[in-house]
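*Asks:* Encoded as C-alpha cells, here's the structure I'll be asking about.
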Amino acid sequence: MNGVLPPGLQWAQMQAEHLEAVCALERRAHAHPWSEQLFYDSLHAGHQAQLLLCDGGTPAVEAQPVEALQPALRVPDGRLLLGYFVAQTLLDEVHLYNLAVARARQGWGGLLLQRLVAAAQAQGAQTLWLEVRASNQPALALYRRAGFESVATRRGYYPAAGGAREDALVLRLCLQPLRLTSAQLEPAA
Ligand SMILES: CC(C)(COP(=O)(O)OP(=O)(O)OC[C@H]1O[C@@H](n2cnc3c(N)ncnc32)[C@H](O)[C@@H]1OP(=O)(O)O)[C@@H](O)C(=O)NCCC(=O)NCCS
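Going by the UniProt record's numbering, the sequence shown opens with residue 1, and the numbers climb by one from there.
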C-alpha cells in the first residue's frame with residue numbers, strides 16, 4: 001500500500017501556512033466544508049494531516065488546464081495542492097476525518113488513502129475507521145475498492161440541504177500489521 005508517487009507529486013505535512021489553499025479546496029469539495037478553525041484545531045491537536053502536492057511537472061495535471069487548479073490552490077512555496085487527508089490515531093485505531101482532492105478520478109484519492117493506510121500499518125494500528133455520507137457514491141466506491149466494509153449507520157448524522165439531515169455510514173478497514181522503514185514512507189517535505 002506504499003506506492004511510489006508519479007513524477008512531480010510530493011507529500012508534505014499540513015501546516016498552518018497551507019490552510020488558505022486547503023480551505024479553498026475544502027470549499028470546492030464539500031457542501032458543508034470544515035472551517036479554517038477546525039483545520040487549525042486539528043493541527044494543534046497533533047492529528048495526522050498530509051498534503052499531496054505537485055510541482056507542475058506531472059502529466060495528470062498538465063492534461064487539463066492548470067488554471068482550473070490555481071491560484072487558490074497554490075501553497076506558499078508555489079506548488080499546487082492536489083489533495084489532503086486529516087486523521088487521528090487513538091491507541092490501535094486510526095480515524096479518518098477528512099479527505100478530498102482537487103480533481104476527481106486522477107488517482108489522487110487512492111494515493112492519499114494508500115498513504116494513510118501505510119502510515120497506520122507502520123504504527124501498528126489494527127483498524128482504520130471513517131464515516132461517510134450515505135449518498136457519497138465516489139467516496140464509497142473509493143473506500144470499498146480499498147477493502148473497507150460498512151459496519152453501522154448513524155441516522156441523521158450529517159447536515160444536509162434545506163435543514164435536512166443525512167445518514168452516515170461507518171466504514172472499517174482491518175489492517176494487517178506491517179512495519180515499514182522510514183525510507184519506505186518517504187519523509188514528507
Ligand atoms: C471521494 C474522492 C476523495 C475520491 O477521490 P478520487 O481522486 O476521485 O479517487 P481515485 O481517482 O483515486 O479513484 C480510486 C477508485 O475509487 C473508485 N471511484 C472514485 N470515484 C468514483 C466515482 N465517481 N464513481 C465510481 N467509482 C469511483 C474507482 O474504483 C477508482 O478507481 P478507477 O478510477 O481506477 O476506476 C473525491 O471524489 C473527492 O474529493 N470528493 C469530495 C470530498 C469527499 O467526498 N471526500 C470523502 C469524504 S468521506
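Ideal Cβ placement from N, Cα and C applies to all residues, glycine included.
For ligand 1, I want to know if leucine 9 counts as a neighbour, meaning its beta carbon is within less than 7 angstroms of at least one of the ligand's heavy atoms.
*Replies:* Every heavy atom of ligand 1 is 7 angstroms or more from the Cβ of leucine 9, so no.
*Asks:* Can you tell me which of the three DSSP states tryptophan 34 falls into?
*Replies:* In this structure, tryptophan 34 counts as coil in the three-state DSSP scheme.
*Asks:* If you run the structure through DSSP and keep just helix, strand and coil, what is valine 66?
*Replies:* For valine 66, the pLDDT reaches just 48, beneath the cut-off of 50, and the residue's location in the model is therefore unreliable, leaving the point undetermined.
*Asks:* Alpha carbon to alpha carbon, how far is arginine 144 from phenylalanine 85? Give it in angstroms, no decimals.
*Replies:* Each residue's Cα considered, the two are about 17 angstroms apart.
*Asks:* Whole angstroms are fine: how far does the CA of leucine 128 sit from the CA of leucine 175?
*Replies:* Looking at the two C-alpha atoms, the distance is approximately 7 angstroms.
*Asks:* Can you check which of these residues, Arg155, Arg28, Val151, Arg133, is closest to alanine 100 by C-alpha distance?
*Replies:* Residue Arg28 is the option with its Cα nearest to alanine 100.
*Asks:* Based on the DSSP secondary-structure assignment, which residues constitute the bridge partners of residue 193?
*Replies:* For the chain, the structure presents residues 1 to 189; residue 193 sits outside this window and is missing.
*Asks:* Less than 7 angstroms separating the Cβ of tryptophan 34 from some heavy atom of ligand 1?
*Replies:* The answer is no for tryptophan 34.
*Asks:* At the level of alpha carbons, what is the spacing between phenylalanine 148 and histidine 30?
*Replies:* The straight-line gap from Cα to Cα measures roughly 21 angstroms.
*Asks:* Closer than 7 angstroms: is that where the CB of leucine 142 sits relative to any heavy atom of ligand 1?
*Replies:* The answer is yes for leucine 142.
*Asks:* Evaluate valine 115 with the Cβ neighbour count: other Cβ atoms within 10 Å of its Cβ, from every protein chain shown; 16 or more gives buried, anything less gives exposed.
*Replies:* Here the sequence assigns arginine to residue 115, which means valine is not the residue at that position. The residue is buried, with at least 16 neighbouring Cβ atoms inside 10 Å.
*Asks:* Taking 7 angstroms as the cut-off, is the CB of tryptophan 129 close to at least one heavy atom of ligand 1?
*Replies:* No, Cβ of tryptophan 129 sits at least 7 angstroms from all heavy atoms of ligand 1.
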